[in-house]
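Worksheet for the structure shown next.
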Amino acid sequence: MATDVGDVLETSDRRRAGASGKVTLTLRIRRYNPELRGEESWWDEFTIQADPNDRLLDALHEVKWHHDGTLALRRSCAHGICGSDAVMVNGRNRLACKVLVRDIAPKATVEPIRGLPVLKDLIVDMEPFFEGYRSVLPYLINDEGEPDRERLQSPEERQRYDDTTKCILCACCTTSCPIFWGDEGYVGPAAIVQAHRFIFDSRDRGARERLQILADKTGVFRCRTTFNCTDACPRGIEVTKAIQEVKREILLDRF
Amino acid sequence: MTTFHTYDAVIVGAGGAGLRAAIEAADHVRTAVISKLYPTRSHTGTAQGGVCAALGNVEEDYPEWHAFDTVKGGDYLVDQPEALLMCEEAVDAIYELEHWGLPFNRTPDGKIDQRRFGGHTRNHGEAPVKRACYAADRTGHMILQTLYQQCVKRNVRFFNEFYVLDQLFSDDGRCAGVVAYELATGELHVFRAKAVLYATGGSGRMFKVTSNAHTLTGDGQAILYRRGIPMQDMEFFQFHPTGVYKMGILLSEAVRGEGGILLNAEGERFMERYAPTVKDLAPRDMVSRAIYQEIKEGRGAGPNKDAVWLDVRHLPREVIEEKLPDVTEFARIYLGVEPTRELVPIQPTAHYAMGGIPTDADGRVVVGPEATPVPGLYAAGECACVSVHGANRLGTNSLLDIVVFGRRGGRHLAGFCRDADLPPLPERPEGFVRDLLDAMLARERGANAADLRTELQDSMFDLAFVVRTEEGLRKMREILGGLRERYAEVAVQDKGSRYNTDLMEAVELGFLLDNAEPLVEAALARTESRGAHWRDDFPQRDDVNWLKHSLAYKQPDGSVRLEYKPVRLGIYEPAERKY
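Order-wise, the sequence lines are chains H and Y. Under this note's numbering, the residues of the first sequence are numbered 689 to 943, in order. Under this note's numbering, the residues of the second sequence are numbered 797 to 1375, in order.
The following block contains the structure:
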């Protein structure tokens, strides 16, 4: 085993060594702060030194902590699970904590996600997004009475809805969708993902209700399968496929 | 401007403990949940490996075996009746989550699947047992989502992105409500209430290397500490052995539960020397210390020889991809390492506060050596100290703690609110917060909060981490004193009222300082090594003098007073901890 470890150590050391030393990163950030500058947004540029293995979030913190304390952004866990720091990086929706400096240096553009009202800098109003979420009855519906132990579910039944349980409600998908940008009524991909998670759960009995909601004019048939949502999802959920599966359930009238 | 609200109950924090308490309370009494984050952003969501309960779905198991492991894992500082109660109620709590739709992994016959975890054994230490119920390595995410879904179903009233900054008491010492800052507008809100339950989570951000979110700044603990409530067992802070090298991101113990092993620079599976029976699945404090020992003796890995390797190359690919997908992705993204072929560099990371706000088994905050309840004041989850984790928490027991004691706390609080009347508010209830914020905003020049925070984190990592000494802790006490002086002169750049996170980060730094202070004082006083508290100058556990809980009080003159209360024993005789 020891020689084996030696090989790996060498590989890891090389990668680290190659990546050591700071690089210069210029961040072009779209700002908005009515308290300072009225209703017009503007661009600011900050040039910082960063470790190539730092996250974009670390770089934004460096700006906030040592260049401009008024820069506003949301963040919490800093490793892609809490879903707070969705921003648009070079035109693509990403979590700032899952983008590494080495992949964007020497220059990157950071903007708030689109389609939700901007409140300050990179912070948008999430209420319309969560309204869409709540509209699809995002909780298990089953009035059949609870057994003393767990409800049984086979590994295959569990697998059926696995992909959509990964959703962290970061809004990357919904705010990358051109239909959502243009159509205020559309519930958007994330809400459909959440509905999918229950519709295909063998323990749930609320599919009919949810599918009726999603068959409505604000529902799944707004989707034009541009796949932006799937590309944007930081959890690797096949969002468009989930939407198509919900459409099919409605068309087959299986509920 | 100040806005006034009146509720029966206020729950502060919307992670697992807060949401579980809200589910219990909201059906019965007027309840508001106040959270500085959107609830689904809470740190419960990042818990990975599992939640233990003796379901016996895969192997023979009993709650009593689980309780024994919890007591032994906690190095006998655990209150034993409470630990037994938690392990007994665990079974029902897990079924409840399942009935609410939690997507647990399943056995071939459709039951909740279970796997091994550190320190969990069959029949009082014979061998590892499969006790952890799990959903891939996203168990915390699923618990948080499921509890939030149940809150949506019940129309629970949330105040999101509201920072609670002060606790209010009536003149006769009853809980009267809280003061909160609304991030979106900068306005203050006074929430008058008969009862308040704190569920504000941990304080890992006082250390440089931590698995904790940026927002885990010990808010509830500090708010109550400032108001004279003692902090219990603060010297016991868990350092999880497997954090991503330098970044501290958690790599779940489930990796070792599924068969992963630790190697030193020489490729030796060193845990065989430290814990011959359970090896890599020894409790976290033992593994973290073993890693430090290997590094100290020159067998550390990596360019700086300050890491060790986590090795999963021998595991079947489907185990890695299906049971540990997120952990695998962390290694790929943040380290550029392919775990199926390469070793993953890890180091211990500040993970979990065993100590905190002292409570009884119903979540009531209790003070003094006689554990006297404070009327209307509750706490649950990581910010609380029941104590079911003692000197070292077992893996998975934090998720169990939040559902069991979140439920118990919420239930007791609802009952309390039904019988109690609404205490009068003190005069100018928002005064303390208003003055604090106004002073920070008014200061044109002063210390930079980010720089002070970095100094705090660096020095706590150097002096109050896995290995401690009197000399180091005295130095840390001095550093804290200096930081406190400079903190009094902190200035923020953002003077606005809209999403002023600059201001809130400065306030949170104050909370961190008020968590570090009782930690350092209690650690300095405790001249023994027990669980996660390792004193290099006192390497033995000393039951004669130190089998007791510490309580640290902030005195009106700013000094810290320590007092002690007995550990609730009675089921298991304290014994040496061997694995």
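Heads up, the beta-carbon is just placed ideally off N, CA and C, and yes, glycines get one too. Just so we're clear, the structure is a prediction, and the values are computed from it rather than from any experiment.
{"Asked": "Mind listing, in chain order, the continuous beta strand (DSSP E) runs of no fewer than 3 residues lying wholly within the stretch 973–1013 of chain Y?", "Found": "984–994"}
{"Asked": "Suppose contacts are defined by Cβ-Cβ distances below 8 Å. Is R912 (chain Y) in contact with L1077 (chain Y) by that definition?", "Found": "yes"}
{"Asked": "Hey, which unbroken runs of the beta strand (DSSP E) at 3 residues or more fall wholly within the stretch 759–805 of chain H?", "Found": "774–777, 780–783 and 795–799"}
{"Asked": "Measure the CB-CB distance between I792 (chain H) and N778 (chain H) and report whether it falls below 8 Å.", "Found": "yes"}
{"Asked": "How big is the Cα-Cα spacing for Y849 (chain H) and V925 (chain Y)?", "Found": "29 Å"}
{"Asked": "Answer yes or no: does any C-beta atom of chain Y fall closer than 8 Å to that of C765 (chain H)?", "Found": "yes"}
{"Asked": "Please confirm whether E878 (chain Y) and V1182 (chain Y) have their CB atoms less than 8 Å apart.", "Found": "yes"}
{"Asked": "Taking 8 Å as the CB-CB limit, is G876 (chain H) close to chain Y?", "Found": "no"}
{"Asked": "Residues in its own chain within less than 8 Å of A1117 (chain Y) by CB, not counting five upstream and five downstream?", "Found": "Looking at the sequence itself, residue 1117 (chain Y) is Glu, so the reference to Ala does not match. Result list for E1117 (chain Y): T1124, in chain order."}
{"Asked": "In the stretch 898–924 of chain H, which residue ranges form an unbroken beta strand (DSSP E) of at least 3 residues, counting only runs that do not cross its ends?", "Found": "none"}
{"Asked": "Which class does G1094 (chain Y) belong to by DSSP, given the choice of helix, strand or coil?", "Found": "coil"}
{"Asked": "What residues of chain H sit near D1290 (chain Y), judged by a beta carbon separation below 7 Å?", "Found": "G757 and T758"}
{"Asked": "State the Cα-Cα distance for the pair K949 (chain Y) and A818 (chain Y), rounded to the nearest angstrom.", "Found": "12 Å"}
{"Asked": "Ordered along the chain, which non-local residues of its own chain (more than five positions away) have a Cβ less than 8 Å from that of I829 (chain H)?", "Found": "F886, D892, R893, G894 and E897"}
{"Asked": "Within 10 angstroms of the Cβ of H920 (chain Y), are there 16 or more other Cβ atoms? Answer buried if so, exposed if not.", "Found": "exposed"}
{"Asked": "Hey, how far is the Cα of D1122 (chain Y) from the Cα of M797 (chain Y)?", "Found": "45 Å"}
{"Asked": "Should K808 (chain H) be flagged as near chain Y, meaning a C-beta pair shorter than 8 Å?", "Found": "yes"}
{"Asked": "What are the boundary residues of the alpha helix (DSSP H) that L1218 (chain Y) is part of?", "Found": "It is not in any alpha helix (DSSP H) - L1218 (chain Y) carries neither H nor E in the DSSP assignment."}
{"Asked": "With distance defined between alpha-carbon atoms, name the residue in Y:E885, Y:V847, Y:C947 and Y:A972 nearest to D804 (chain Y).", "Found": "Y:A972"}
{"Asked": "Is it true that the CB of R762 (chain H) sits closer than 8 Å to the CB of I717 (chain H)?", "Found": "no"}
{"Asked": "Does DSSP classify K949 (chain Y) as helix, strand or coil?", "Found": "helix"}
{"Asked": "Using only alpha-carbon positions, find the residue among H:I736, H:L788, H:E872 and H:R837 that is nearest to M1043 (chain Y).", "Found": "H:L788"}
{"Asked": "Assuming L1106 (chain Y) contacts T842 (chain Y) under a Cβ cut-off of 8 Å, what Cβ separation, rounded to an integer in Å, is found between them?", "Found": "Between T842 (chain Y) and L1106 (chain Y) the Cβ distance is about 18 Å, and since that is not below 8 Å, they are no contact."}
{"Asked": "Under three-state DSSP, which class holds M1346 (chain Y)?", "Found": "The question names Met, but residue 1346 (chain Y) is Ser in the sequence shown. Strand."}
{"Asked": "Taking Cβ-Cβ distances shorter than 7 Å, what residues in chain H pair up with R911 (chain Y)?", "Found": "Here the premise fails: no neighbours, minimum Cβ distance about 14 Å."}
{"Asked": "Please check the pair H749 (chain H) and F734 (chain H), which I expect to be a contact at CB under 8 Å, by giving their CB distance rounded to whole angstroms.", "Found": "No, H749 (chain H) and F734 (chain H) are not in contact; Cβ-Cβ is about 12 Å, not under 8 Å."}
{"Asked": "Of the residues Y:L1259, Y:E1281 and Y:F1228, which one's Cα is nearest the Cα of F965 (chain Y)?", "Found": "Y:F1228"}
{"Asked": "Please classify G1278 (chain Y) as buried or exposed, where buried requires at least 16 other C-beta atoms within 10 Å of its C-beta.", "Found": "exposed"}
{"Asked": "Please list the residues of the stretch 835–847 of chain H that have a C-beta atom closer than 7 Å to any C-beta atom in chain Y, keeping them in chain order.", "Found": "R837, E838, R839, L840, Q841, S842, P843 and R846"}
{"Asked": "Assuming H895 (chain Y) and R839 (chain H) make a contact with CB atoms under 8 Å, what is their CB distance in whole Å?", "Found": "7 Å"}
{"Asked": "Quick one: is H1208 (chain Y) buried, meaning 16 or more other Cβ sit within 10 Å of its Cβ, or exposed?", "Found": "buried"}
{"Asked": "Run down chain Y in chain order and give the residues with a C-beta less than 7 Å from the C-beta of D970 (chain H).", "Found": "There is simply no residue 970 (chain H) to check, as chain H begins at 689 and stops at 943 in what is shown."}
{"Asked": "In three-state terms, what does DSSP make of A1328 (chain Y)?", "Found": "coil"}
{"Asked": "Closer than 9 Å, Cβ to any Cβ of chain H: which residues of the stretch 1246–1261 of chain Y, in chain order?", "Found": "A1246, D1247, R1249 and T1250"}
{"Asked": "Within the 8 Å Cβ cut-off, does A980 (chain Y) reach chain H?", "Found": "yes"}
{"Asked": "Enumerate in chain order the residues of its own chain whose CB-to-CB distance from A810 (chain Y) is below 6 Å, with the five nearest sequence positions on each side excluded.", "Found": "V829, S831, P835 and S838"}
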